[in-house]
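Same order as they appear, the protein sequences are chains A and B. For the first sequence, the working numbering assigns the number 181 to the initial residue and increments by one for each residue that follows. For the second sequence, the working numbering assigns the number 8 to the initial residue and increments by one for each residue that follows. Cβ atoms here follow ideal geometry from the backbone N, Cα and C, with glycine treated the same way. Quick caveat: nothing in here was measured; it's all calculated off a predicted structure.
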Amino acid sequence: MTDREFIESFRHYQKKGNWWCDFHPIAKLVFCLAFGFMSLIVFKWQAGLAIFILAGIIAIFTPARKTYFITLGVMFVVGCLFTVVVRLYVHMGDPGPVAFYLFGKAVPKAAVISCLDLIFMIEGFLGIFMTFFLTTEMRDLCYSFEQIGMSPSATFMVLSTFSGIASIKEKLNSVRESQRARGIETEGSLIVKIKSVLPVLFPVIISSMTGVEDRTLAMDARAFAANGKHTALRKVAPAKPVEKLIAVLALIICVAGSIAGRIYL
Amino acid sequence: MGVCIEFQDVSYAYPLTRKAAVRHLNCQLETGKCYGVIGPNAGGKTTFCNLMRGLCPNFYGGILKGNVLVNGKNLLEWEEEELSVQIGYVFQDPFAQVSGIKETVFEEIGMGMENLGVEAEEMIKRIVEIAKMVHVDTLLQKNPLALSGGQCQRVAFASILALNSDIIVIDEPTSQLDPEASNDVFEIIDLLKKQGKTVIIAEHKVDLLAEYCDEIIAIADGSIIAQGSAREVFADPVLREKGVRIPQVVSLALEMEEAGTPFCRMPITMEETIRMLKEKKEGK
Numbered sequence: 181m182t183d184r185e186f187i188e189s190f191r192h193y194q195k196k197g198n199w200w201c202d203f204h205p206i207a208k209l210v211f212c213l214a215f216g217f218m219s220l221i222v223f224k225w226q227a228g229l230a231i232f233i234l235a236g237i238i239a240i241f242t243p244a245r246k247t248y249f250i251t252l253g254v255m256f257v258v259g260c261l262f263t264v265v266v267r268l269y270v271h272m273g274d275p276g277p278v279a280f281y282l283f284g285k286a287v288p289k290a291a292v293i294s295c296l297d298l299i300f301m302i303e304g305f306l307g308i309f310m311t312f313f314l315t316t317e318m319r320d321l322c323y324s325f326e327q328i329g330m331s332p333s334a335t336f337m338v339l340s341t342f343s344g345i346a347s348i349k350e351k352l353n354s355v356r357e358s359q360r361a362r363g364i365e366t367e368g369s370l371i372v373k374i375k376s377v378l379p380v381l382f383p384v385i386i387s388s389m390t391g392v393e394d395r396t397l398a399m400d401a402r403a404f405a406a407n408g409k410h411t412a413l414r415k416v417a418p419a420k421p422v423e424k425l426i427a428v429l430a431l432i433i434c435v436a437g438s439i440a441g442r443i444y445l
Numbered sequence: 008m009g010v011c012i013e014f015q016d017v018s019y020a021y022p023l024t025r026k027a028a029v030r031h032l033n034c035q036l037e038t039g040k041c042y043g044v045i046g047p048n049a050g051g052k053t054t055f056c057n058l059m060r061g062l063c064p065n066f067y068g069g070i071l072k073g074n075v076l077v078n079g080k081n082l083l084e085w086e087e088e089e090l091s092v093q094i095g096y097v098f099q100d101p102f103a104q105v106s107g108i109k110e111t112v113f114e115e116i117g118m119g120m121e122n123l124g125v126e127a128e129e130m131i132k133r134i135v136e137i138a139k140m141v142h143v144d145t146l147l148q149k150n151p152l153a154l155s156g157g158q159c160q161r162v163a164f165a166s167i168l169a170l171n172s173d174i175i176v177i178d179e180p181t182s183q184l185d186p187e188a189s190n191d192v193f194e195i196i197d198l199l200k201k202q203g204k205t206v207i208i209a210e211h212k213v214d215l216l217a218e219y220c221d222e223i224i225a226i227a228d229g230s231i232i233a234q235g236s237a238r239e240v241f242a243d244p245v246l247r248e249k250g251v252r253i254p255q256v257v258s259l260a261l262e263m264e265e266a267g268t269p270f271c272r273m274p275i276t277m278e279e280t281i282r283m284l285k286e287k288k289e290g291k
């Protein structure tokens, strides 16, 4: 984008040219919260799988599809498989109908179903929230909240928390670079990486906290405490009726689905 | 010219300290002038700046005696938000001034105006103007946290200029910058002077201050030891007694005076010194 186009973009509503990315942030949040909590409340593999598939379908049609599937895949392998192995190991040999035999021991059907419930609850919950976080700019979400009455201080807290996490990550990387320059091993297996990060993690977090005073002064210098209405450079399009309708439908499905799921599944 | 800031017998001590950081400060700063604040480390320069901006005692706490008047009104009577618009403050560390919540330089510069409720179209216009003025117009799409020290300091200047304050206090803006970036900062200060802003700059680079400032205020051990035009102040022997750095050309002139070949008057800039040396050589 040229500088002229970039400046011009602030004269119009921010658009990314993708239906889901351009979905109104609050309507999108309501939609994702509804399905995310439905996955938690029902806690059955059928509901989790349905939400997981829904999240996947949404993600396919967004530019974040690659990141979505890679991240979810890693989470699945690391998190869910570990849970499955532990659960199956714990329940091996339990009484009840047998699903299959593992290392000569019976694995009951109940344990397998319980594993599936857990896996798809997690995948459904994470999946739907990832479709939100990977496609929504926090600044746009905060601005939308400001438009409906949230205070600028609260939005600043949200945004600075997110940027604080990014800054800790950046500082950790710089410290690791410095360590590497001093001949300390920072690359290699996961254990080597953890070993190189752990000793500096606490000091880095503390040093980030000491930056709070600087940040406060910087905000004061920008008249953050000024009375009156704050305005915004970025314009977020108001929610369309169809977006509002989708959010309301998601809420209805969440309530109805949760009740039905708890009763019938 | 009217007085915009006045110190009336001001003493200030930070919390949990017995010794006052500054003592019995008396001075008047006139509207539209550029003031250089010099002095050794821990001499009271930053406290002097913080007092003008109201950070002492409003932010840091501590005990303030005497009166600081900003545009004729006592510092303690100003609302903090009003003061932040009246007096722009550029801090020492360029990266500490980045809000951290804006993803582009363009939005970072506009942040102060957003807080003041300026309409979007007006903001865009002012950001573009200021970005050109401080030469950050090629960085507008960059993340403020990914800039070099010099670029970041320029963005910090732009962010404060966007507020259109009449008084601008700058605390050691070049302490983390290379010579080229330092010169850039002083070019911006020169632009501010031309716009009629009152600029107060605490700085160690006395050669640059001598070139750009209308008046110099020397502070050592928490007290003002000299105030006046650059020529008067840098020639004052009290600066050498207190270990305050003076421009190289002033040192040269003083040494020449000791050697029995004085200049007709004290030079304070390199160009002036070269010209006077040429005149001396030609026997004028």
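Residue contact check for residue 122(B) against chain A: a CB pair falls below 9 angstroms.
Taking C-beta separations shorter than 6 angstroms and ignoring five residues to either side along the sequence, the partners of residue 57(B) in its chain run 63, following chain order. As summarised for the stretch 183-226 of chain B, the continuous alpha helix (DSSP H) elements at least 4 residues long and confined to that stretch are 186-201, 213-219, given in chain order.
The beta carbon of residue 179(B) sits no closer than 9 angstroms to any beta carbon of chain A.
Within the stretch 232-317 of chain A, the runs of alpha helix (DSSP H) at least 4 residues long that lie entirely inside it are, in chain order, 245-255, 261-271, 289-313.
For residue 236(B), DSSP records a beta bridge to 222(B). Minimum Cα-Cα distance from residue 216(A) among the listed residues 197(A), 308(A), 276(A) corresponds to 308(A).
In its own chain, leaving out the 5 sequence neighbours on each side, no residue places its CB closer than 8 angstroms to the CB of residue 88(B).
For residue 34(B), the uninterrupted beta strand (DSSP E) segment begins and ends at 29-37. Put simply, the stretch 265-275 of chain B does not touch the stretch 66-79 of chain B. Fewer than three CB pairs are less than 8 angstroms apart. Look at the stretch 404-417 of chain A: the residues with a C-beta under 8 angstroms from a C-beta of chain B are 404, 405, 406, 407, 408, 409, 410, 411, 412, 413, 414, 415.
In the DSSP assignment, residue 415(A) forms a beta bridge with 193(A). Residue 397(A) has a beta carbon lying within less than 9 angstroms of a beta carbon in chain B.
Look at residue 391(A) here: in three-state DSSP terms it is coil, with no helix or strand label. Distance from the CA of residue 236(B) to the CA of residue 66(B), rounded to the nearest whole angstrom, comes to 32 angstroms. About 6 angstroms separates the CB atoms of residue 249(B) and residue 232(B); that is less than 8 angstroms, so the two are in contact. For residue 255(B), the closest Cβ of chain A is not nearer than 9 angstroms. Counting along the chain, no beta strand (DSSP E) covers residue 409(A), and no H or E run does either. Among the residues facing chain B, residue 332(A) is included, as its CB has a counterpart in that chain under 9 angstroms away.
Taking the Cα positions, residue 395(A) is about 13 angstroms away from residue 403(A).
With distances taken between CA atoms, residue 356(A) lies nearest to 381(A) out of 342(A), 339(A), 336(A), 381(A). The continuous beta strand (DSSP E) containing residue 73(B) extends over residues 70-77. Its chain contains 295, 299 as the residues whose beta carbon lies nearer than 7 angstroms to that of residue 264(A), once the 5 sequence neighbours on both sides are disregarded; these appear in chain order. With respect to the 9 angstroms criterion, residue 189(B) and residue 154(B) are not classified as neighbours on the basis of their beta carbons. According to the DSSP assignment, residue 346(A) belongs to the alpha helix (DSSP H) that extends over 332-361. Among the CB atoms of chain A, one or more fall inside 9 angstroms of the CB of residue 144(B). Chain B places a beta carbon closer than 9 angstroms to that of residue 339(A), counting this residue as a contact.
If you ignore the 5 residues before and after residue 277(A), its C-beta comes within less than 7 angstroms of the C-beta of 288, 289, all in its own chain and listed in chain order. Secondary structure note for residue 19(B): its beta strand (DSSP E) is the uninterrupted segment 10-20. Residue environment: residue 193(A) is assigned as exposed (fewer than 16 neighbouring CB atoms within 10 Å of its CB, all protein chains considered). Membership of residue 177(B) in the beta strand (DSSP E) is indicated by the continuous run 174-178.
For residue 56(B), the enclosing alpha helix (DSSP H) stretches over residues 52-60.
Here residue 209(B) is not near residue 165(B), since their CB atoms are 9 angstroms or more apart. For residue 44(B), there is no enclosing alpha helix (DSSP H); the residue is part of the beta strand (DSSP E) that begins and ends at 41-45. Against chain B, the CB of residue 401(A) has a partner CB under 9 angstroms away; the residue lies at that interface.
In this structure residue 414(A) is in contact with residue 319(A), their Cβ atoms being roughly 7 angstroms apart against a cut-off of 8 angstroms.
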